[in-house]
Amino acid sequence: EAQVTQNPRYLITVTGKKLTVTCSQNMNHEYMSWYRQDPGLGLRQIYYSMNVEVTDKGDVPEGYKVSRKEKRNFPLILESPSPNQTSLYFCASSNDLDDEQFFGPGTRLTVL
Amino acid sequence: QKEVEQDPGPLSVPEGAIVSLNCTYSNSAFQYFMWYRQYSRKGPELLMYTYSSGNKEDGRFTAQVDKSSKYISLFIRDSQPSDSATYLCAMGPNQAGTALIFGKGTTLSVSS
C-alpha cells in the first residue's frame, strides 16, 4: 500500500529535550516536506527536500532541522524544543512540485 | 493582503444541501489549484486538482477556477454526513520549492 508513515503519532516532552520525528514514504517520491498545523494559522511549511541531500527552508524553519540521506526518509529534528513548537506536524511527499502531495497521519507534539 | 484567503467557518448544513466553499488569492502566478479534505485526526487527502480556469467535475464535487477574479470554489452536491470535514484549498507554484500555499481551511458539518 502506497503510504507516508510518521512516528511517533503522539509525543509529550519537556523544554530542551532533543527529539526526532521520523517520516518514511514507499512511493519513490522525489519531493518531501514537513508542515505544522495550528488553529487559525493553517498548514505552514517548515522544510522541504527536492531530492537526497537537497533540503531548504520553508516558511517557518526556526528551531527545526531536517536531513535527507535516503530518498524514502525525511526526519524532522527539534534539537531544543520549546512550548511554541507544540503543534500537529505532517510529513508529505510527491513525485514533483505540481503533483498531488500525500500526507502522513500526523504527529501531535506537546512541549511542556 | 494574504496570498490565500479562506473563510474558516464553521459551516453547518443539513444533509442533501448544496455546499459552496471558496478561496481567493492574490498571486497571479499560481497555475494549479487543489482542494484537500481533512477528517479529524487524519492527514489531508487530495479531493480535486485543476490546472487552469474552468470547471472540473468528479461525482458530487465540482471545482471551479476563475483566474481573472483570482477566485476558486468547491461545490458539493447532495451533501452527506460523511462530507463533514475540514476543506483546504491549495495552490502553486509558490517560490521555487515550496510548491503549495494552503488556505486555513473551512470546517464543514453536515447533519442528518
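Those protein sequence lines, which keep their order, are chains A and L.
My numbering runs 9 ahead of the 1-based position in the first sequence.
My numbering runs 66 ahead of the 1-based position in the second sequence.
Just so it is clear, CB atoms sit at the ideal spot from N, CA and C, and this is done for glycine as well.
On a predicted model such as this, the values are computed, not experimentally measured, just so you know.
What residues of chain A sit near residue i, judged by a beta carbon separation below 7 Å?
| i | result |
| --- | --- |
| residue 136 (chain L) | Under the 7 Å cutoff, chain A gives no residues; its nearest Cβ is about 18 Å from residue 136 (chain L). |
| residue 159 (chain L) | 106, 107 |
| residue 171 (chain L) | 51 |
Could you work out which residues of chain L lie near residue i, taking near to mean beta carbons separated by less than 9 Å?
| i | result |
| --- | --- |
| residue 110 (chain A) | 100, 102, 110, 112, 156, 165, 166 |
| residue 114 (chain A) | 107, 108, 109 |
Among the candidates the options, whose CA atom is the shortest distance from the CA of residue i?
| i | options | result |
| --- | --- | --- |
| residue 126 (chain L) | L:170, L:135, L:140 | L:140 |
| residue 147 (chain L) | L:77, L:114, L:71 | L:77 |
| residue 111 (chain A) | A:118, A:120, A:101 | A:101 |
| residue 72 (chain L) | A:55, A:83, A:51 | A:51 |
| residue 115 (chain A) | A:106, A:109, A:105, A:95 | A:95 |
| residue 42 (chain A) | A:14, A:59, A:88, A:91 | A:59 |
| residue 16 (chain A) | A:40, A:93, A:105, A:99 | A:99 |
| residue 10 (chain A) | A:24, A:37, A:19 | A:37 |
| residue 30 (chain A) | A:71, A:104, A:82 | A:82 |
| residue 102 (chain L) | L:84, L:167, L:95 | L:167 |
| residue 20 (chain A) | A:108, A:109, A:97, A:103 | A:97 |
| residue 165 (chain L) | A:92, A:18, A:57 | A:57 |
| residue 85 (chain A) | A:93, A:92, A:75 | A:75 |
| residue 159 (chain L) | L:84, L:96, L:119 | L:96 |
| residue 149 (chain L) | L:70, L:89, L:84 | L:84 |
| residue 72 (chain A) | A:13, A:46, A:25 | A:25 |
| residue 91 (chain L) | L:138, L:178, L:154 | L:138 |
| residue 12 (chain A) | L:109, L:100, L:130, L:89 | L:109 |
| residue 108 (chain A) | L:128, L:79, L:131, L:111 | L:111 |
| residue 104 (chain A) | A:35, A:14, A:18 | A:35 |
Counting only Cβ pairs nearer than 7 Å, list the residues of chain L close to residue i.
| i | result |
| --- | --- |
| residue 99 (chain A) | 109 |
| residue 20 (chain A) | Residues of chain L passing the Cβ test: none, with the nearest at roughly 15 Å. |
Short of 8 Å in beta carbon distance, which residues of its chain neighbour residue i, apart from the five on each side in sequence? Order them along the chain.
| i | result |
| --- | --- |
| residue 62 (chain A) | 77, 78 |
| residue 75 (chain L) | 172, 173, 174 |
| residue 54 (chain A) | 42, 43, 44, 67, 68, 69 |
| residue 22 (chain A) | 28, 90, 118, 119, 120, 121 |
| residue 9 (chain A) | Outside the displayed range of chain A (10 to 121) lies residue 9 (chain A), so it cannot be described from this structure. |
Please go through the same chain and pick out, in chain order, the residues whose beta-carbon is closer than 6 Å to the beta-carbon of residue i, but skip the five residues on each side of it.
| i | result |
| --- | --- |
| residue 152 (chain L) | 104, 171, 173 |
| residue 117 (chain L) | 98 |
| residue 93 (chain L) | 69 |
| residue 87 (chain L) | 140, 153, 172 |
| residue 92 (chain A) | 120 |
Skipping 5 residues on each side, what residues in its chain have a beta carbon closer than 7 Å to that of residue i?
| i | result |
| --- | --- |
| residue 144 (chain L) | 82, 126 |
| residue 124 (chain L) | 114 |
| residue 106 (chain A) | 40 |
Checklist entry - Curious, which full-length alpha helix (DSSP H) runs of at least 4 residues does the segment 51–109 of chain A contain? => result none
Checklist entry - Which whole runs of the beta strand (DSSP E) in the segment 114–140 of chain L are 3 residues long or more, in chain order? => result 120–124, 127–132
Item to check | Interface positions of the segment 115–128 of chain L facing chain A (Cβ-Cβ less than 9 Å), listed along the chain | outcome: 115, 117
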